[in-house]
């Protein structure tokens with residue numbers, strides 16, 4: 001089924017995820033350089049986006065990410081597996097970014113004025129959270145059918161989604177990216193970004209709505 005705006009992460013069986021992560025941690029502890037490179041390539045782009053929400057510029061965000069990777073190398077032997085390695089990694093990142101942001105007198109994202117809700121789109125066009133395919137189109141646009149033209153349009157939709165994600169206010173972008181790109185659950189996002197459940201829901205709804213509205217406008221989809 002074509003994706004409207006759903007997590008881009010693979011849906012692995014939970015036991016399989018645990019096994020893969022355990023193996024990855026073992027490789028890191030053994031000094032497997034390739035395991036470290038895999039982590040860096042997988043997570044650095046999103047780490048930069050998250051860090052940028054707390055510090056004044058891109059260069060400082062890069063320094064925060066570098067410090068986080070150093071912390072991983074130094075601390076992987078102490079990782080106890082109480083949370084996923086990814087959650088642990090981003091928690092370290094946010095803590096470093098917050099500290100650096102305060103030190104640089106940068107205004108934390110959580111303290112910035114809320115961004116207006118902006119564009120809207122008919123929610124009935126998308127499946128609900130309790131659906132087996134949450135956040136997918138209820139009826140996929142005809143151009144998304146499995147044809148060469150549909151494949152081209154789907155690629156265009158992904159480009160639009162990425163562009164609109166980058167245009168969101170920092171806090172909305174962080175929440176949407178963590179939830180819908182990386183597949184973090186709501187509690188993980190609340191913990192990482194120091195948000196209340198209500199704030200997390202509002203930010204997620206506003207961010208998703210803006211992206212969906214852009215997709216609907218592009219496709220000419222109306223309620």
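Numbering (the UniProt record's numbering), first residue to last: 1 to 223. We put the beta carbon where it would ideally sit given N, CA and C, even for glycine. These figures come from a predicted structure and were not determined experimentally.
Given a threshold of 16 other Cβ atoms within 10 Å of its Cβ, counted over all protein chains shown, does residue i qualify as buried or as exposed?
i	result
residue 111	With a pLDDT of 41 at residue 111, under the threshold of 50, the modelled position of that residue is not reliable, and no figure is offered here.
residue 215	buried
residue 224	Absent from the model: residue 224. The displayed extent of the chain is 1 to 223, so no value can be given.
residue 210	buried
residue 18	exposed
residue 212	buried
residue 12	Because the pLDDT of residue 12 is 47, which lies under 50, any placement of that residue in the model is unreliable, and the number read from its coordinates should be weighed accordingly. So residue 12 ends up on the exposed side.
residue 128	exposed
residue 37	exposed
residue 33	exposed
residue 177	buried
residue 68	buried
residue 59	exposed
residue 188	buried
residue 23	exposed
Determine the closest residue to residue i out of the options, with distance taken between C-alpha atoms.
i	options	result
residue 44	61, 127, 79	61
residue 238	32, 201, 94	Because the chain spans 1 through 223 in this model, residue 238 falls outside it and cannot be assessed.
residue 31	132, 102, 58, 76	76
residue 160	89, 37, 218	218
residue 46	94, 82, 191, 81	94
residue 100	63, 33, 69	63
residue 168	22, 98, 207, 20	207
residue 29	67, 73, 165	73
residue 190	24, 90, 102	90
residue 87	163, 16, 21	21
residue 84	25, 163, 35, 131	25
residue 205	220, 192, 194, 186	186
residue 98	194, 198, 199, 220	194
Could you tell me whether the Cβ atoms of residue i and residue j are closer together than 8 angstroms?
i	j	result
residue 56	residue 65	no
residue 81	residue 171	no
residue 181	residue 203	no
residue 165	residue 158	no
residue 71	residue 92	yes
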